[in-house]
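Report on the following structure.
Numbering (the numbering used here), first residue to last: 390 to 1168.
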């Protein structure tokens, strides 16, 4: 389905490049296999690195003997914590420039205490991968097990082993408004349930990999797959060199989803290159990757909702408990996103949210697509169905009576500056499901809806900025330079399309240089659905400055005002008299002969605010929010518990498409990610030890598991991004899992409160229901 099918928007603006499904600048190379990824780069004489990891989750390091490994022929270097005393690496939110980091730095290698399964103990660099692996096995390790804690509720109890701080609480957030008790007193029904979400692995196709060397200027240079080239500062601090002596060059990334937002291999590569003075390559195996980066936070969310008989939400109390794992990383921020989005896109006047992230000896948790908002959505959308059922109201009607509308404040009292089209998205997605598939025998059919509120852009108290450079050459071709990393969604290509539209050239005439910390203007992280909003706006400002100068000269040549000059398809002309025209290359030559500046370095600044009120959570947390919905139809085999997704409809307001095909692809990818989160993906730990260490045990949906995904793309043109765009990378995933959960509950008449909703959990829920014992875990 398209928007024209739904009769939602007919473009009221005319673009030559924007909004078109143009071939992205990165597509031909990827399609033909010419595109080099970080793992494709090699150098003569390079060494191969390996990481030795702990096989216990909570232990004291008693002995680490590397003498045999160092003596092995072909081994260039073996390093332990003893070789780098007092060195740590920053783990706070990356790319900050205007705010002091939280004091959460982490040991690079274990000095005395192991806090999680897989924590690095030693680094090896050798002439070949086989020698490096043999050396790793020659290292003798003695670990003394010490008591650990593996459940956040247990970690809060007096006397629990302390993993971080003094009480394991690494972050707390509160949001309060209205009168909670009065709200509950006004309710006719109070509905209370606890929802459980799991650890989730990013499962990107490209594991962490990089190549480091010292260049002719004595700069440690790292070619790596990363979402954040600004890590050069933290890595330089960790290895003890000035910031201008460490360079990170990003390659096109084969999937990130937040898993390459933190430092992964960069510090190890820098240390080994510094020590050996030779190029060093480190590539994680899939098993290394599973223990080498942070996972999605598992969170327990207890919702207590007051509603009236006529369907009004009168009060909401939410208690959130997140498992931060062994180190803090981004837990304070993920938790804040979860708390802010706890009511979802619904009007709640009387609200209390109390959220805590707690350290355990599990794998540390950090950024993942959806960043806290997705766990909240998994809870609030299921709770909306439960509330509707409790008062006997149609679930869509119940939602309509409570949806936020444009101009209304969210949980923090902030009024989003853009349109809130949740109701429109949900209604369109629901209608697009069409006629229900009939149930037959043990196969029961169910339908579910999930809506979402998801921020785009970073927390406003981080004072985020982004820079871009745009220039036009003498032949009329355009160059864009930006530090933005491209993680597969076409971030670099979007900048080219923006510049092409503004300056008036066609997309093939634009070249983008990106992702080099010492050469390209720093653009900030490719995270938080911020790249288009922040870097796109920086490119827009730079391109507009170039265009304005060109238009000024063209206006003089044509004898008109600059506002009458149009630029499209490599031509410059008078808007109401197209026969008066010239090639853009000819105009550039005139500008050059007059000494007119033909390039611009621009900076874009997000809104700058203070932190939220620590007691009430009131204030502005994000620049803006995106809204969308997903509708699902499933078939559930009541004999085996197997769930098959039959129909999948996504409807999102993206503000304005930059590249329609790229938006469609993001929505398809988000759907796949969300279906895995709902139905099969779960990191399982036993006493902190990972028992799903590969894709043989950790099950992600394949192309064979995917339904046909229909997309409905709405364009309110109200967003803060270029041309009114909004982010879609994270929102595309957020409503999928609760829509699936609601569809399954609709099909079998019983809710499963824990994700993923595996066949075993479905079967057990049905057995308990037949025995009269169905209920919510933890109640």
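Glycine residues also receive a C-beta, built at the ideal position from the N, C-alpha and C atoms.
- Buried versus exposed call for residue 1005 [16 or more other C-beta atoms within 10 Å across all chains shown]: exposed
- Message: Under 8 Å: do the segment 635-655 and the segment 607-621 share three or more Cβ pairs, one atom per stretch?
- Response: The segment 635-655, when compared against the segment 607-621, does touch it at the 8 Å Cβ threshold.
- Local conformation of residue 835 per DSSP, three classes: strand
- Item | residue 412 versus residue 900 - alpha carbon distance | 13 Å
- What does residue 446 pair with, by DSSP beta-bridge criteria? None, per the DSSP bridge assignment.
- Query: CB-CB under 7 Å to residue 624, same chain, minus the five flanking residues each way: which ones, in chain order?
  - Reply: Close CB contacts of residue 624 within its chain, under the 7 Å cut and outside five residues either way in sequence, are with 635, 652, 655, 656 and 659 (chain order).
- Using the beta-carbon count (16 or more within 10 Å), is residue 1167 buried or exposed? Confidence in residue 1167 is poor, its pLDDT being 36 and thus under 50, which makes the residue's placement unreliable; the coordinate value appears in the next sentence. Exposed.
- Task: Flag this pair as yes or no: are the beta carbons of residue 452 and residue 531 separated by less than 8 Å?
- Result: A contact, by the Cβ cut-off of 8 Å.
- Item | Status (buried if at least 16 other CB within 10 Å, exposed otherwise) for residue 490 | Residue 490 should be labelled exposed.
- Alpha carbon to alpha carbon, how far is residue 395 from residue 883? Legend: pLDDT at residue 395 = 40, less than 50; position of this residue unreliable, value from coordinates given subsequently. Distance between the alpha carbons of residue 395 and residue 883 is about 27 Å.
- residue 858, enclosing beta strand (DSSP E) - first and last residue: 854-861
- Task: Using only alpha-carbon positions, find the residue among 1083, 1153, 1107 and 846 that is nearest to residue 1009.
- Result: 846
- Message: Just to confirm the assignment: which complete beta strand (DSSP E) runs, minimum length 3, are found wholly within the segment 703-750?
- Response: 740-748
- Query: Mind checking residue 997: buried by the 16 CB within 10 Å criterion, or exposed?
  - Reply: exposed
- Query: Within this structure, are the beta carbons of residue 606 and residue 839 separated by less than 8 Å?
  - Reply: Going by C-beta atoms, residue 606 is not nearer than 8 Å to residue 839.
- Mind the definition here: the segment 1099-1112 touches the segment 746-764 only if three or more C-beta pairs lie below 8 Å; say whether that holds. For the pair of segments examined, the segment 1099-1112 was found not to touch the segment 746-764: the number of CB pairs separated by less than 8 Å stays below three.
- Among 432, 1061 and 991, nearest to residue 1129 - alpha-carbon criterion: 1061
- For residue 920, name the three-state secondary structure that DSSP assigns. If DSSP states are grouped into helix, strand and coil, residue 920 belongs with the helices.
- Closest to residue 959 by CA distance: which of 450, 973, 539 and 965 is it? 973
- Would you decide whether residue 1161 is buried or exposed? Buried here means 16 or more other CB atoms lie within 10 Å of its CB. Exposed, because fewer than 16 other Cβ atoms sit within 10 Å of the Cβ of residue 1161.
- With 16 other Cβ atoms within 10 Å as the buried cut-off, status of residue 1029: exposed
- Endpoints, the beta strand (DSSP E) within which residue 602 is located: Looking at the DSSP string, the run of the beta strand (DSSP E) that includes residue 602 is 598-603.
- Buried versus exposed call for residue 786 [16 or more other C-beta atoms within 10 Å across all chains shown]: So residue 786 counts as exposed.
- Query: residue 588 to residue 977, Cα distance in whole Å?
  - Reply: In a straight line, the C-alpha of residue 588 is about 55 Å away from that of residue 977.
- Query: Can you name the start and end residues of the alpha helix (DSSP H) that residue 785 belongs to?
  - Reply: 784-789
- Task: Kindly indicate the opening and closing residues of the alpha helix (DSSP H) around residue 762.
- Result: 762-779
- Message: Below 8 Å on the Cβ atoms is my contact criterion, and I expect residue 514 with residue 466 to pass it. Report the Cβ-Cβ distance as a whole number of Å.
- Response: With a Cβ gap of about 4 Å, residue 514 and residue 466 count as contacting.
- Message: At 4 residues or longer, what runs of the alpha helix (DSSP H) sit wholly inside the segment 576-645?
- Response: 620-628
- Query: Would residue 986 be called buried (16 or more neighbouring beta carbons within 10 Å of its own) or exposed?
  - Reply: exposed
- Task: Just list the beta strand (DSSP E) runs in the segment 931-994, keeping only unbroken ones of 3 residues or longer that don't cross its boundaries, in chain order.
- Result: 954-957, 960-963, 966-972 and 988-994
- Query: Between residue 1098 and residue 559, what straight-line distance do the alpha-carbon atoms span, to the nearest angstrom?
  - Reply: 39 Å
- Message: For a quick check, are the C-beta atoms of residue 682 and residue 754 less than 8 Å apart?
- Response: Going by C-beta atoms, residue 682 is not nearer than 8 Å to residue 754.
- On the premise that residue 841 lies in contact with residue 1042, defined as a C-beta separation below 8 Å, what is that separation, rounded to the nearest angstrom? Actually they do not touch by this definition, with Cβ atoms about 11 Å apart.
- Message: In whole angstroms, give me the CA-to-CA distance for residue 632 and residue 907.
- Response: 10 Å
- Message: Whole angstroms are fine: how far does the CA of residue 519 sit from the CA of residue 437?
- Response: Using only the alpha carbons, I get a separation of about 9 Å.
- Query: Do you know offhand how far residue 646's Cα is from residue 593's?
  - Reply: Cα to Cα, residue 646 sits roughly 8 Å from residue 593.
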